[in-house]
Every structure is written in structure tokens, then in C-alpha cells.
Amino acid sequence: MHEISLAKTLLERVDRLAAEHAAAAVEEVRVRVGPLSGVEPGLLSAAFERLAPAGMKLAIELVPLRACCRDCAGSFDIERCCFRCPRCGSTDVEVVEGDGFVLENITIRPLDPLGAVP
Ligand SMILES: [Zn+2]
Numbered sequence: 479m480h481e482i483s484l485a486k487t488l489l490e491r492v493d494r495l496a497a498e499h500a501a502a503a504v505e506e507v508r509v510r511v512g513p514l515s516g517v518e519p520g521l522l523s524a525a526f527e528r529l530a531p532a533g534m535k536l537a538i539e540l541v542p543l544r545a546c547c548r549d550c551a552g553s554f555d556i557e558r559c560c561f562r563c564p565r566c567g568s569t570d571v572e573v574v575e576g577d578g579f580v581l582e583n584i585t586i587r588p589l590d591p592l593g594a595v596p
């Protein structure tokens with residue numbers, strides 16, 4: 479299960495970030511998933527739900543596949559897997575976004591300074 483290990487790695491990073499920011503709790507984890515990342519959002523959500531502490535939510539933002547043309551330097555969104563530059567028709571294109579799985583940010587609940595116990 480690819481998504482289970484992804485969720486585990488994600489939660490480890492979230493834990494570290496939460497500790498760095500002295501968070502009492504993490505309320506939301508926001509990630510960006512591209513179509514070429516190989517991540518299935520539904521499976522990732524399910525894995526996250528199983529592994530994350532209660533109350534922590536996962537927000538998945540689906541990013542479009544973007545490419546850059548090596549011939550005319552134009553950039554464009556790839557639709558229906560059409561890897562062809564709409565400007566000059568070249569197929570010498572490079573995917574610049576949409577092939578990744580990125581931790582975008584986390585929403586934390588800070589420690590209550592009045593209620594904090596050392
Ligand atoms: Zn082009």
C-alpha cells in the first residue's frame with residue numbers, strides 16, 4: 479500500500495513541523511497532488527484518516543498538469559494527456575508542475591500561554 483507509507487511519511491513531517499512551532503495540536507494538513515504523482519487522493523485520504531490523530535484533517539488540492547515548451551518557451555496546462563504545445567505545435571515539452579506530492583502547509587492550534595504547563 480503506497481498511500482499508507484505516504485501518509486506515514488507525511489505525518490512524521492507534520493509532527494516535526496508541529497514541534498518546531500510549539501503547536502498544541504494540528505488541525506489541518508494541506509497537500510498538493512498532481513496527476514502524475516501516482517498518488518490516488520481517495521486512498522491517501524483513507525490512509526490518513528486511519529493513521530492521523532483524531533481531529534486532524536487532510537485537505538487535498540489537486541493541481542493541474544503544466545508543461546513548458548522547449549521550442550517556444552510557452553507554458554500551458556495539459557488536458558486529456560495531450561503533450562503538445564498549443565502555440566507552436568511542438569511535442570518537445572517538459573512537465574513543470576503536476577508530477578509531485580507536496581506538503582503545502584499545516585494549520586496549528588498554538589499552545590495556550592495561560593494554560594501551558596512547563
Ligand atoms: Zn511551443
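Going letter by letter, the sequence shown gives residues 479 to 596 in the numbering used here. All residues carry an ideal CB built from backbone N, CA and C; glycine is no exception.
Non-local beta-carbon contacts of residue 507 in its own chain, meaning distances under 6 Å to residues more than five positions away in sequence, involve 492, 536, 584 in chain order. Going by beta carbons, residue 513 and residue 576 fall inside the 7 Å limit. Taking the Cα of residue 521 as reference, the smallest distance to any Cα among 482, 565, 571, 561 is reached at 482. For residue 510, the enclosing beta strand (DSSP E) begins and ends at 501-511.
Beta bridge pairing from DSSP links residue 560 with no other residue.
For residue 587, the enclosing beta strand (DSSP E) begins and ends at 579-588. The closest heavy atom of ligand 1 lies 6 Å or more from the beta carbon of residue 560.
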